[in-house]
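Quick note on numbering: the sequence shown equals residues 6 to 249 in this note's numbering.
Ideal Cβ placement from N, Cα and C applies to all residues, glycine included.
Read the structure below first, then the notes.
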Amino acid sequence: MQLIEGKKLSEKLLTDLKVKLSAFSEKPKLAIIQIGDEKPSNVYVSIKEKTGKEIGINIDTYKYKTGDFSFVSSKILELNNDKSVHGIILQLPTPGNEIRPLLDLVSPLKDVDGLTSSNLGKIWHNETQEFLGATPKAIMFVLNHIAENTNISLREFLTGKNVLIINHNILIGKPIAGKLLNLDATITLAHSHTKDLVQHMEYSDIIITATGKRIITQENNMHLKQNVVIIDSGYSINNGIVSG
6 MQLIEGKKLS
16 EKLLTDLKVK
26 LSAFSEKPKL
36 AIIQIGDEKP
46 SNVYVSIKEK
56 TGKEIGINID
66 TYKYKTGDFS
76 FVSSKILELN
86 NDKSVHGIIL
96 QLPTPGNEIR
106 PLLDLVSPLK
116 DVDGLTSSNL
126 GKIWHNETQE
136 FLGATPKAIM
146 FVLNHIAENT
156 NISLREFLTG
166 KNVLIINHNI
176 LIGKPIAGKL
186 LNLDATITLA
196 HSHTKDLVQH
206 MEYSDIIITA
216 TGKRIITQEN
226 NMHLKQNVVI
236 IDSGYSINNG
246 IVSG
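The following block contains the structure:
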């Protein structure tokens, strides 16, 4: 089994980014819009603010109460036209069902998470100017790292591989599925209604998990392929401590 720990890779990547950003004449600015007071959103926003500060990115966070969608719409349009803002994130999850119209108000050129219909469509159409969000891009970074260590291209590494993605949302599961499919992998998307998940895991060469709970346990570990690659991109909070 290959269990990929991304912490060391991310530390090197952040160090490299900090060096590159220090050479910029103008610091990049990221605008984060948060609706409501969802605990997962609070965690994600605080991590982004902390990391941005560490590597030299200015971050402005705008928080709105649930239902302030007209104000949010106006703010998004304002940020689209603000040349000092280089990226916009509409933080998920959000309460309510109006998220798609809001996501599609974001300029595709500033859509940091790659969640506009335009940017998601580019992934599935295999366009070279696609925009991947941070987590899917990190997963691709790890897979490319494995391929490089075995002296083959990413496509060669992925071609014909059975890949199980345990997540089917627009942030992670769907974009990474489209990206891997374009590289000739065979994709299975699993979710909370998937039956016999362990059976799917048994036949998988690569397992990507992105859930709020631990999926790989000692009990089901014995059923996995010997050289399976496991990438856990999810997180959980226990007693205020974030793990994953």
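Jot down the residue ranges of each uninterrupted alpha helix (DSSP H) in the region 58-117, minimum 4 residues, whole runs only, in chain order. 74-85, 104-108
Quickly, what does DSSP pair Gln-39 with across the bridge? List them, please. Lys-68
Quick one: grab the DSSP three-state call for Asn-131. coil
Beta-carbon proximity list for Lys-68, same chain, < 7 Å, skipping 5 on both sides: Gln-39
Helix, strand or coil for Val-234? Go by DSSP, reduced to three states. strand
For Asn-154, which three-state DSSP category applies? helix
For the beta strand (DSSP E) that Thr-193 lies in, which residues bound it at each end? 191-195
Helix, strand or coil for Asn-124? Go by DSSP, reduced to three states. helix
Nearest-angstrom Cα separation, counted from Leu-159 out to Asp-42: 40 Å
Helix or strand or just coil, what does DSSP make of Thr-216? coil
Which residues DSSP lists as bridging Ile-170, in chain order: Leu-194, Ile-213
Which partner residues of Lys-34 appear in the DSSP bridge assignment? Asn-63
CB-CB under 6 Å to Asn-167, same chain, minus the five flanking residues each way: which ones, in chain order? Thr-191, Tyr-208, Ser-209, Asp-210
Count the other CB atoms, across all protein chains shown, that sit within 10 Å of the CB of Val-50; report buried if there are 16 or more and exposed otherwise. buried
Would you please state the rounded distance, in angstroms, between the beta carbons of Gly-178 and Ala-139? I believe it to be under 8 Å. About 14 Å; that fails the 8 Å criterion.
Are Gly-57 and Leu-35 closer than 8 Å when you measure CB to CB? yes
Considering only the beta carbon of each residue, do Pro-33 and Ile-62 sit closer than 8 Å? yes
Output yes or no for whether 8 Å exceeds the beta carbon distance between Ile-213 and Ser-238. yes
Counting pairs of Cβ atoms below 8 Å between the region 80-100 and the region 14-28, do you hit three or more? no
Beta-carbon gap between Asn-118 and Ile-94 smaller than 8 Å: The sequence shown places Asp at residue 118, not Asn. It is a contact, given that the beta carbons lie within the stated cut-off.
For Thr-121, count neighbouring Cβ atoms within 10 angstroms of its own Cβ and tell me buried if that reaches 16, exposed if not. buried
I'd like to confirm something about Glu-43: is its beta-carbon nearer than 7 Å to some heavy atom of the ligand SAH, or not? Although the ligand SAH was asked about, the structure shown includes no ligands whatsoever.
Please classify Thr-71 as buried or exposed, where buried requires at least 16 other C-beta atoms within 10 Å of its C-beta. exposed
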